[in-house]
Structures are given as C-alpha cells and as structure tokens.
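Trainee: Protein sequences appear in the order of chains Y and S.
Quick note on full-length UniProt numbering: the first sequence kicks off at 1 and runs consecutively.
Quick note on full-length UniProt numbering: the second sequence kicks off at 1 and runs consecutively.
Have a look at the structure that comes next, please.
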Amino acid sequence: MTRNLWTLAAVGALVAGCSGSDDTTNPSDVALAPGETTEQPNPDRNVYFGDLHIHTRNSFDAYIFNVRTTPEDAYKFGMGEGITHPSGYDLKLEGPALDFMAVTDHAAYLGHLPAMDTEGTEISKLEMAKDMFSADPDKIIAAFQLIGGAVRDGRKMEGVYDPKIISDVWKATVAAADKYYKPGKFTTFSAYEYTATRVTQGEGGGFAGGNLHRNVVFRDAAPDMPFGTLESSNPEDLWTWMDEQRAAGIDGISIPHNSNVSDGEMFKLETYNGQPLTKAYADQRMRNEPIVEITQVKGTSETHPSLSPNDEWADFGIYEYLLSSQIKSKTSSGDYVRQAYANGLMLEDKIGGNPYQFGLIGSTDTHVAGGSFDEKNFWSKIGVVDGTPESRGSVPPGGKKSWDGVTVDPRAASWFSRWGASGYAAVWAEENSREAIFDAMRRKETYATTGTRIKLRFFGGFDFDAAMLDDPEMVSKAYANGVAMGGDLLGAGKAPGFIVWAMRDAMSAPLQRVQIVKVWTDGGKTNEKVFDVACSDGGTVDPGTARCPDNGATVNLSDCSISTDKGAPELKTFWRDPEHKAGQRASYYVRVLENPVCRWSTWDAIRAGVPPNPALQKTIQERAWSSPIWYVPTKA
Amino acid sequence: MTNLKKILRDPIAHFVLIGLALVAINHFWNRYEGEQGRTITVSAAEIDRLSVLWANTAGRLPTGEDKQQIIDQYVQQEVLVREAERLGLGDDDTIIKRRLAQKMDFLVSGESTADNPSDAELEAWFDANRDKFAAPERRSFVHIYLSPEKHKNAIEKVAADALQNVQSGTDWKSLGDPFIQKRSYAAIPESEVTRLFGPDFASAIFKLPAGQWSAPIGSAFGLHLVRIEAIDDAAEASFEPIKAEVTTAWQEDQSAKAKQAALQELVRGYDVVIEGADE
C-alpha cells in the first residue's frame with residue numbers, strides 16, 4: 001500500500017514535469033531578475049547536499065569530551081562560519097555552505113550534563129554532578145558510567161532524570177532550527193537521535209552489543225518532547241509514537257545508522273521480541289523509515305568483503321569492531337544494507353511486504369557540532385579524544401619521525417584510525433525548503449556520498465533507450481516515462497532500462513567508473529552482482545567480467561597530487577539488464593567511483609612530515625551510492 | 001563487582017579514558033606545580049583513598065603486602081611526575097596548555113552578558129559595521145556546455161561552431177550538451193561558482209562583461225560558452241529589513257568585546273617580555 005502511494009506521488013510529479021516541458025526547456029533555465037534571491041521551484045529538481053547527523057554540547061557524550069558548541073553554532077558552521085573545536089583550533093567547511101542540516105542530539109538525558117555543570121541548578125548539587133566535573137578521573141569515570149549505563153539500559157535514573165531539562169533543551173533546539181531556516185537558501189530540521197542499544201548477553205555483552213540508533217527528523221512542526229530510548233528501547237515503539245504524532249499533524253521519519261555495528265540487529269529477520277516479521281511490520285517500518293544512513297565517520301554499511309566476495313570494492317570503510325570494543329562485528333546477518341535489500345525481496349515473496357525497501361543517505365555523526373567531510377581536512381568526531389593526528393593514530397606518538405617499533409594505542413588502532421571523513425546526504429528536490437527536501441526523503445529520491453559532491457541521477461523505465469541520453473529534455477522525459485531513484489518499476493515481462501548520469505565534484509577527483517549493483521531473488525535464494533556500466537578514458541566494459549579496464553589513475557603519496565589526465569568529468573549511459581527474468585524481484589542501485597585520492601591519515605602524515613602509518617590504507621576511492629530502483633513483477 | 005565489570009566493558013568508558021588521561025595530567029600538574037622539594041609525603045588519608053580504589057578493582061581489601069605495592073606505585077608515579085616537571089616536559093605540551101587555556105577561556109566568557117540595545121544604539125552600531133552586512137558581487141549567467149567525453153579531440157572545433165551559431169541568432173538552449181546541474185544561474189557569488197564549477201571557471205566568468213557570449217571557458221566538467229545576464233554589484237545593506245540579524249550580530253560582538261576586555265584585564269597583571277624582539 002505504502003509503495004503504491006509513492007508510485008502515485010511519482011506519477012503526480014511527472015505530470016507536473018510534462019506540462020512544464022512544452023516550453024523549449026525547464027524552468028531552471030529561466031534567469032531571474034537581478035536581485036531576486038529565491039529560485040523558482042524546478043519540476044526537474046535540483047540536487048542539494050546536507051548533513052542530518054550532528055551532535056552538540058547537549059549530547060551527554062559530546063559534553064564530556066569538552067564540546068561546548070551549541071545547535072546555533074552547528075547551523076553557523078553549516079552556513080560557512082568558523083566554530084571552535086574543543087582542542088582549541090578552528091573548524092570551517094572546506095567547501096561552501098551546506099544546503100540543509102539537522103542537529104540530532106541524543107534525546108536520552110538531553111542537556112543533562114551541561115545542566116550538571118551549571119552552578120545553581122538542582123542537578124548540579126547531586127554528588128554525581130560534583131564527581132562528573134571534579135578533578136578526580138576515577139570519580140569522573142564512575143559518574144559518567146552511571147549516565148552511560150542508564151542510556152544503554154534505557155533507564156530513567158531517579159533523582160537525575162529530569163524531563164524539564166529535556167523539554168527546555170529540546171525547545172531551544174527546535175527554536176535554533178526555526179531561527180536558521182532560510183527557505184530557498186538553507187533548510188534546517190528539528191531532529192534528535194534515538195539512541196537504543198540491544199544489550200547482548202554473555203561474552204562481549206554490554207554496550208558492545210547491537211546498535212539500534214536512529215535519527216528522528218521532523219518535516220516542520222515538532223513534538224513537545226522527543227521519544228527517546230528512555231521511553232522504550234524497542235524501535236517498534238518509536239514507530240508507533242511516530243504514527244501517533246503523524247496523525248496529530250507532526251510528520252517525521254527515522255533514519256537508522258551504523259547498522260555495521262548492530263551485531264546483526266538492525267536488519268534482522270524477526271521483530272525486536274523475536275516474533276516472525278509480518279506485512280504489518282513491513283508497512284509500519286517503511287512508513288517511518290524510508291531511508292537509511294549508509295555511511296558516516298564510524299564506517300560504511302554497504303557490504304562486507306565476506307558477504308560480497310566478488311565485489312572488488314566491498315572493502316571500504318569497514319569498521320571491524322563493535323562499538324568501542326575489541327569484538328569483531330558479525331557479518332553473517334543484519335548489519336549490511338546490500339544484504340538487507342536481498343532479504344527484503346525474499347520477505348516480499350514470503351509475507352507480501354518488504355521492511356527493507358529503503359533509500360540511502362550519508363551524514364557525519366560529528367560530535368563537535370561540525371562535520372569533517374573532506375579527506376584533506378579531517379578532525380574526526382569525538383572532541384578532545386581524537387582531535388589530533390597523534391590521538392587518531394595517523395602520526396606516531398611523542399613527536400617521533402618514524403613508525404619503527406611504535407605501538408599505536410589500541411583504541412586508535414581499532415577505532416579512530418579506521419574511521420573516515422564521511423559523508424553527505426544528497427536529495428533531488430524542487431526547491432530548498434523543508435517541504436521539498438523532506439518529501440524527497442519520503443519518496444527516497446536521495447543518495448549518499450563519502451564526503452564528495454558527486455552529482456548523480458538515476459532513472460529506470462521500460463521504454464527508455466540510448467537516444468534519450470542526448471535529448472535536452474531527457475530528465476523530464478525520464479520522469480514522465482519512468483521512475484527516479486527510490487521508485488518502483490511494476491512490470492510483467494520487459495527488461496527494465498536505466499539511465500545513469502554522474503558528474504564529478506569540481507573540487508575533488510574525476511570519475512573512474514559507474515556501476516549498477518543488482519540484487520535479486522531466485523527460487524528462495526538471494527543473489528547479487530556488480531555490473532560496470534560506464535568507464536572513463538575511453539574504456540569499454542568487458543562483457544565476460546562486466547568490468548571496465550583499470551584507467552591507471554595514480555596518487556603521488558609525497559604530496560597527494562593526483563593524475564590530471566585520467567578519469568572523466570561526467571559519465572552518462574543507458575543500460576538494460578542483460579540477465580533480466582520476468583518473474584524475479586530485483587533491486588538496482590548505482591555506485592559511482594572516483595579516481596583514488598589520499599586518505600585523511602596520509603594527509604595528516606604529510607603535514608607532520610612523517611611517513612603514513614604502515615597499518616593504514618594510504619588512498620581511498622570516494623564514492624556515491626544511489627537509492628535503488630525496484631523491479632516488481634506483476635502478474636501478466 | 002559486576003558493576004565494575006560492566007564499567008570496564010562499557011565503551012563510553014573506553015572513549016572517555018583518553019580524555020581523562022589529559023584531565024589526570026592536569027590534575028597532577030596543578031597539585032605539584034611549584035613543589036620544588038624532594039620529599040614525598042604519603043598521607044594516611046591518601047593510603048586509605050588508594051586502598052578503596054584498589055579494592056574496587058580487586059574485589060577484596062588490600063593486605064599488608066598489597067598496601068606496600070600501592071604505596072610503591074604511588075611513590076613511583078610521584079617521582080615520574082616530578083621528574084617530568086623538572087625536565088620541563090609539560091611546558092612543551094601544547095595539548096595540556098591549550099586545554100587549560102580553553103577552560104579558562106570558558107570561565108572568562110561566562111562573565112559577559114549582553115543587554116538589549118535600544119534601536120538607536122543598534123542602528124548606530126550598524127552604521128559603523130555596514131561592511132559586515134554588505135552582499136558580495138553576484139552574477140547571473142547562462143551557459144552552453146560541451147562534454148569532453150562526447151566530443152573528445154573535436155571539442156574545441158565544436159565549441160567554435162556553437163559560438164558562431166549562437167552569435168548568429170540560434171537559440172542558446174538548443175545548443176551544446178545536457179548539463180546535470182543548471183544551465184542558468186541567478187545572482188550567485190564567486191565562492192559559490194567556485195564550488196560548482198571550480199576556481200578557474202569562477203574567476204574567468206567574474207571578469208566577463210555582461211550581455212555577450214564568451215569564448216569557450218574551461219571548467220572541471222569541460223568547455224562552456226557563457227553569457228552574463230546581470231551583474232549585481234557588491235551592495236550595502238539597509239538596516240530595517242535585517243534588524244533581527246543585526247541584533248544577533250550586535251550581541252555576539254558585545255559578548256566578544258566583553259570577553260576581550262576580561263582577557264585584557266588578566267593580561268595586565270603580567271609583564272610580557274618577548275625575547276629576540278626588536279627593542
């Protein structure tokens with residue numbers, strides 16, 4: 001039912017697109033009068049880049065890391081102003097302003113630490129508060145553990161938990177979002193993080209268990225209080241609350257993140273309480289969780305080399321350990337997006353509903369009120385703990401100039417040094433407004449990048465052909481005769497055709513190749529295959545291997561300069577699935593790969609005049625992932 | 001003891017440990033700063049405190065032998081800290097210094113609060129700070145894009161032909177290749193053009209005159225023929241429409257000034273000698 005609604009919405013949108021296309025071109029080509037600042041809505045849609053995962057001083061874990069910047073500071077950062085890192089240096093966006101943002105502080109104990117640290121408040125008089133801000137590290141740890149433990153267990157600590165603090169700080173958060181919302185220019189959303197954790201039992205239990213975190217983002221009106229993990233650690237209860245809010249006119253979506261450290265919990269094949277999944281579950285989940293954050297500082301959740309052995313690019317942003325532990329994460333089930341897509345198709349066959357038909361975004365999860373997207377300029381995310389190259393393991397300790405005999409702090413070795421400068425949420429919307437951007441997220445016309453501003457369009461249709469590629473009306477025709485990323489293609493026989501169009505980030509590297517990842521079900525089995533569909537430098541796809549030749553682009557590790565004569569500014573192609581079978585459900589998403597560039601750790605090392613850490617990867621290929629298009633077989 | 005195990009397993013504990021190491025260093029630093037002597041006093045109260053901590057970890061009270069070990073460790077730590085101080089290690093530690101300075105900085109900031117200004121006061125301040133609210137030069141332009149992937153070596157010839165066509169009256173919208181971004185941009189500053197097209201293209205089009213088609217200009221994406229439609233010169237702002245924005249800026253300015261004054265007051269208490277500076 002849900003899906004049909006979105007299909008209808010897409011049809012509605014393309015009708016609008018058609019009527020506009022009677023003119024020679026789309027409305028975005030109409031120049032504005034001088035001085036006019038707001039662009040007209042574009043039915044062919046513009047791409048906007050944002051960050052929907054930002055923590056400030058109001059998050060308990062940011063405050064203890066010495067973060068003092070506020071939601072207002074976060075919005076200023078997003079608009080291009082400088083803010084201060086807790087280690088004392090200035091943070092500023094490398095690129096230009098963001099188009100949209102949401103501050104997502106932990107709802108659990110929201111604002112409690114700042115209140116404990118403010119003289120005169122009731123909560124500052126608690127013994128726990130005195131310990132938390134004492135000079136005794138043991139006391140600080142003990143006090144902080146009480147809060148950390150209560151968040152983990154979803155417990156309201158008597159005498160500490162104060163709904164008035166949460167309500168006040170939440171109101172201020174909403175007010176900051178409203179204050180900085182500049183329709184047409186800069187969109188902000190009221191939002192928070194729902195920080196639920198599944199505590200696993202036995203060896204390696206405790207916090208290391210399943211991460212069920214979500215960011216809850218409201219379209220416009222915001223509730224009086226956030227529904228956090230202290231209300232319930234079961235995400236299904238969150239969705240029920242969101243359904244109630246929606247009925248009362250407060251629309252929101254929840255965006256899961258870091259499924260890579262969920263210990264198999266995020267996309268598992270039963271409910272929170274171990275019951276079989278049903279169509280009602282699938283509908284409720286999709287109504288509330290249309291998109292998933294696939295990449296951020298704490299790793300990338302696309303797939304794992306052990307799940308996708310035939311994907312040469314699977315080993316990217318893998319954060320091997322469960323949150324803050326030495327336990328390797330499970331890869332067998334429930335952690336990775338590609339596998340969830342496959343399982344979703346299976347469920348659709350089995351229960352008539354697909355709880356995992358989500359689109360994709362990226363974001364940062366910064367805990368210092370400003371995201372570091374750029375490899376050249378990375379400040380990681382947890383304040384004084386990883387604010388210097390040395391503390392994140394990219395530069396040897398103690399001013400040493402060599403890595404000989406150096407043992408890196410295990411925390412840096414297992415966590416901080418494996419994290420990444422990532423990522424962006426990209427949306428295709430008619431204009432830069434709350435309504436347009438939120439609705440784009442609802443219909444999943446979104447994609448994720450690892451911190452680069454690759455432009456990516458992806459359309460599917462049964463009547464597409466290669467001639468469309470050079471048609472100036474291609475985009476409006478694609479909307480009119482097919483669907484964009486995030487949509488469904490309902491068909492009974494014909495193989496779907498796809499148009500992929502990617503353009504490089506002017507400030508990053510040229511493109512190397514464009515791929516389509518196909519996931520499908522086949523007699524109760526799930527399958528996946530990566531097809532290269534467009535190659536740079538005049539290369540052609542080998543039909544046997546479905547791969548482009550290597551374009552030979554290189555990175556000079558002494559100064560991070562890159563090949564200037566390799567790679568493409570844009571790649572555009574039409575592709576029809578050569579292995580299509582009419583009765584098989586399938587999902588198709590695009591992955592765009594840039595030429596390699598230096599990883600942040602290499603930049604850190606070069607600036608410090610030391611060799612890069614030999615244990616770390618020296619270069620990376622920045623990338624973008626589109627939301628999928630689903631082929632849904634219908635009875636002929 | 002299960003609580004303790006939980007704490008040790010708990011990740012936030014791990015995260016915070018590193019931060020706490022810094023806190024600990026400061027702590028010991030403060031305590032021993034200025035202490036010159038070579039006497040280490042281990043008070044009975046300190047032994048008790050350490051014993052309790054020890055018991056928390058070990059799960060039993062320390063025996064006489066354990067206590068000796070606790071005292072030995074304490075003494076060793078003291079010696080190391082004092083020797084480090086003697087060597088001046090902390091003096092060079094930028095992190096410690098920065099952290100202390102930052103803490104102080106917050107204390108100083110907390111003292112400054114800005115009142116509500118009168119309209120006249122605000123407008124006077126706005127007059128004195130007009131440049132802060134001025135808009136940079138912005139340009140509106142349309143462009144014809146030519147894709148290097150499509151035209152390869154022939155691209156310059158194709159661009160020259162397109163230029164001739166558009167100059168002799170062909171509708172610009174019918175020329176060139178589809179562009180994934182927009183083909184017309186309204187009133188955007190050079191910084192924004194840099195982000196969208198790269199620095200070379202941005203600086204080139206901000207030198208063009210309005211109203212005529214340019215020779216081909218290169219960007220990160222290929223070649224473009226550009227026509228500047230309008231130039232909005234860098235403009236002064238007027239007070240009334242942006243009063244709210246001015247108020248916010250005024251408050252920030254006041255609080256920055258108050259903080260600066262407090263800082264100056266502290267600095268006045270010191271004699272600053274800069275070695276090697278010209279007399």
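Idealized CB from N, CA, C, for every residue including glycine.
The structure presented is a predicted model; accordingly, all values stated were derived computationally and were not measured.
1. For Y/D99, name the three-state secondary structure that DSSP assigns.
2. Who pairs with S/H224 in a beta bridge, going by DSSP?
3. Can you name the start and end residues of the alpha helix (DSSP H) that S/Q260 belongs to?
4. What is the rounded straight-line gap between the Cα of S/V81 and the Cα of S/I40?
5. Just to confirm, does Y/M242 get its C-beta within under 8 Å of one of the non-hydrogen atoms of the ligand ATP?
6. Since I believe Y/G567 is in contact with Y/Q512 (beta carbons under 8 Å), could you give me their beta-carbon distance rounded to a whole number of angstroms?
7. For a minimum of 3 consecutive residues, which ranges assigned as the beta strand (DSSP E) are wholly contained in the region 380-430 of chain Y?
8. Check for me: the beta strand (DSSP E) holding Y/L277 runs from which residue to which?
9. Put Y/T173 into one of helix, strand or coil per three-state DSSP.
10. Please name the residues in the region 491-511 of chain Y whose beta-carbon is closer than 7 Å to at least one beta-carbon of chain S, in chain order.
11. Can you list, in chain order, the residues of its chain with a C-beta nearer than 6 Å to that of Y/M474? Leave out the 5 residues immediately preceding and following it.
12. Taking Y/Q515 as the reference, which of Y/D463, Y/Q40, Y/V592 and Y/Y192 has the closest Cα?
13. Assuming contact is defined by CB atoms lying nearer than 9 Å, are Y/N354 and Y/E94 in contact in what I supplied?
14. At what residues does the beta strand (DSSP E) containing Y/I361 begin and finish?
15. Looking at the structure shown, is Y/E594 part of a helix, part of a strand, or coil, going by DSSP?
16. Rounded to whole angstroms, what's the CA-CA distance from S/A210 to S/V142? Just pull it up for me.
17. Okay, do the region 147-156 of chain S and the region 123-136 of chain S touch, 3+ Cβ pairs below 8 Å being the bar?
18. Nearest chain Y C-beta to S/T247 closer than 9 Å, yes or no?
19. Are at least three pairs of beta-carbons, each pair with one atom in the region 603-614 of chain Y and one in the region 454-463 of chain Y, less than 8 Å apart?
20. Specify the secondary structure class of S/F197 as computed by DSSP and reduced to three states.
21. Strictly below 8 Å CB to CB, what residues from chain S border Y/A172?
22. How many angstroms separate the CA atom of Y/D243 from the CA atom of Y/A191?
23. Does the beta carbon of S/P209 sit closer than 9 Å to a beta carbon anywhere in chain Y?
24. Where in the region 561-615 of chain Y do unbroken runs of the beta strand (DSSP E), each at least 3 residues long, occur, reported from the N-terminal end onward?
25. Could you tell me whether any Cβ in chain S is nearer than 9 Å to the Cβ of Y/R457?
26. Residues of chain S with a CB under 9 Å from the CB of Y/L571: which are they?
27. Could you name the residues that DSSP lists as bridge partners for Y/N432?
28. By alpha-carbon positions, which one of Y/D153, Y/D99 and Y/V427 ends up nearest to residue 640 of chain Y?
29. Report yes or no: do the region 224-242 of chain Y and the region 107-116 of chain Y share at least 3 C-beta pairs separated by less than 8 Å?
30. Under DSSP, the alpha helix (DSSP H) around Y/M474 begins and ends at which residues?
31. Hey, quick one: how far does the beta strand (DSSP E) through Y/H85 stretch, first residue to last?
32. Name the chain Y residues that come within less than 8 Å of S/E192, Cβ to Cβ?
33. Specify the secondary structure class of Y/N42 as computed by DSSP and reduced to three states.
34. CB-CB under 6 Å to Y/S87, same chain, minus the five flanking residues each way: which ones, in chain order?
35. With a cut-off of 8 Å on the beta carbons, I'd call Y/P472 and Y/V610 a contact; round off their distance for me.
36. Below 9 Å between beta carbons is the criterion; list the residues of the region 206-232 of chain S that meet it against any residue of chain Y, in chain order.
Mentor: Let's see:
1. Taking the first residue of the first sequence as position 1, residue 99 of chain Y is located at position 99. Three-state result, Y/D99: coil.
2. As a working mapping, residue 224 of chain S is identified with position 224 in the second sequence. Beta-bridge partners assigned by DSSP to S/H224: S/Y145 and S/I217.
3. The residue given as residue 260 of chain S occupies position 260 in the second sequence. K243 to R268 is the extent of the alpha helix (DSSP H) around S/Q260.
4. Here residue 81 of chain S is taken as the residue at index 81 of the second sequence, counted from 1. Here residue 40 of chain S is taken as the residue at index 40 of the second sequence, counted from 1. Cα to Cα, the separation comes out at about 12 Å.
5. Only the bare structure without any ligand can be found here, which leaves the ligand ATP out of the picture.
6. Within the first sequence, the letter at position 512 stands for residue 512 of chain Y. Within the first sequence, the letter at position 567 stands for residue 567 of chain Y. Your pair Y/Q512 and Y/G567 checks out as a contact, with CB atoms roughly 6 Å apart and the cut at 8 Å.
7. Segments of the beta strand (DSSP E) lying fully in the region 380-430 of chain Y: 424-429.
8. Start at 1 with the first residue of the first sequence, and residue 277 of chain Y comes out as number 277. Premise fails: Y/L277 is in no beta strand (DSSP E) and is neither H nor E.
9. Counted from its first residue, the first sequence places residue 173 of chain Y at position 173. Judged by DSSP in its simplified three-state form, Y/T173 adopts helix.
10. Flagged, chain order: W501, M503, R504, A506 and M507.
11. The sequence position of residue 474 of chain Y within the first sequence is 474, counting from 1. Cβ neighbours of Y/M474 beyond the five flanking positions: M468.
12. In the first sequence, the residue the question calls residue 515 of chain Y occupies position 515. With respect to the C-alpha of Y/Q515, the residue from Y/D463, Y/Q40, Y/V592 and Y/Y192 having the closest C-alpha is Y/V592.
13. By one-based count along the first sequence, residue 354 of chain Y stands at place 354. By one-based count along the first sequence, residue 94 of chain Y stands at place 94. Result no, Cβ atoms of Y/N354 and Y/E94 do not sit closer than 9 Å.
14. Numbered from 1 along the first sequence, position 361 holds the residue referred to as residue 361 of chain Y. From DSSP, the beta strand (DSSP E) with Y/I361 extends over G359 to G362.
15. As a working note, residue 594 of chain Y is residue 594 in the first sequence. Of the three classes helix, strand and coil, the one that applies to Y/E594 here is strand, per DSSP.
16. Counted from its first residue, the second sequence places residue 210 of chain S at position 210. Counted from its first residue, the second sequence places residue 142 of chain S at position 142. Their Cα atoms are separated by approximately 11 Å.
17. Contact fails: fewer than three Cβ-Cβ distances are below 8 Å.
18. Along the second sequence, read from residue 1 onward, the residue named residue 247 of chain S stands at position 247. Chain Y contact via Cβ: absent.
19. Touching, no, given that fewer than three Cβ pairs across the two stretches are closer than 8 Å.
20. Along the second sequence, read from residue 1 onward, the residue named residue 197 of chain S stands at position 197. DSSP places S/F197 in the helix class (H, G or I) of the three-state scheme.
21. Translated into the one-based positions of the first sequence, residue 172 of chain Y becomes position 172. What Y/A172 touches in chain S: nothing, since even the nearest Cβ is about 15 Å away.
22. The residue given as residue 243 of chain Y occupies position 243 in the first sequence. The residue given as residue 191 of chain Y occupies position 191 in the first sequence. Looking at the two C-alpha atoms, the distance is approximately 16 Å.
23. On the second sequence, position 209 is the one that residue 209 of chain S refers to. Judged by the 9 Å Cβ criterion, S/P209 is not in contact with chain Y.
24. Counting only runs that start and end inside the region 561-615 of chain Y, the beta strand (DSSP E) elements of at least 3 residues fall at 570-576 and 586-594.
25. Position 457 of the first sequence, counting from 1, holds the residue named residue 457 of chain Y. Yes, its Cβ sits closer than 9 Å to a Cβ of chain S.
26. The residue you call residue 571 of chain Y lines up with position 571 of the first sequence. Chain S residues near Y/L571: E149.
27. Working through the first sequence from its first residue, we reach residue 432 of chain Y at position 432. Per DSSP, none; premise fails for Y/N432.
28. Nothing can be reported for residue 640 of chain Y, as the shown portion of chain Y is limited to 1 through 636.
29. Contact between the region 224-242 of chain Y and the region 107-116 of chain Y is present, with at least three C-beta pairs closer than 8 Å.
30. Against the first sequence, residue 474 of chain Y aligns to sequence position 474. In the DSSP assignment, Y/M474 falls within the alpha helix (DSSP H) that extends over M474 to N481.
31. Indexing the first sequence from 1 puts residue 85 of chain Y at position 85. Premise fails: Y/H85 is in no beta strand (DSSP E) and is neither H nor E.
32. Residue mapping note: residue 192 of chain S aligns to position 192 of the second sequence, counting from 1. Correct list: P96.
33. For the purposes of this step, residue 42 of chain Y is taken as residue 42 along the first sequence, with counting starting at 1. Coil.
34. The count along the first sequence starts at 1 and reaches residue 87 of chain Y at position 87. Excluding positions up to five away in sequence, the list reads V384 and G387.
35. Within the first sequence, residue 472 of chain Y is the residue found at index 472, counting from 1. Within the first sequence, residue 610 of chain Y is the residue found at index 610, counting from 1. About 52 Å separates the two Cβ atoms, so there is no contact after all.
36. Across the region 206-232 of chain S, CB contacts with chain Y closer than 9 Å involve S219, A220, F221, G222, E229, A230, I231 and D232, in sequence order along the chain.
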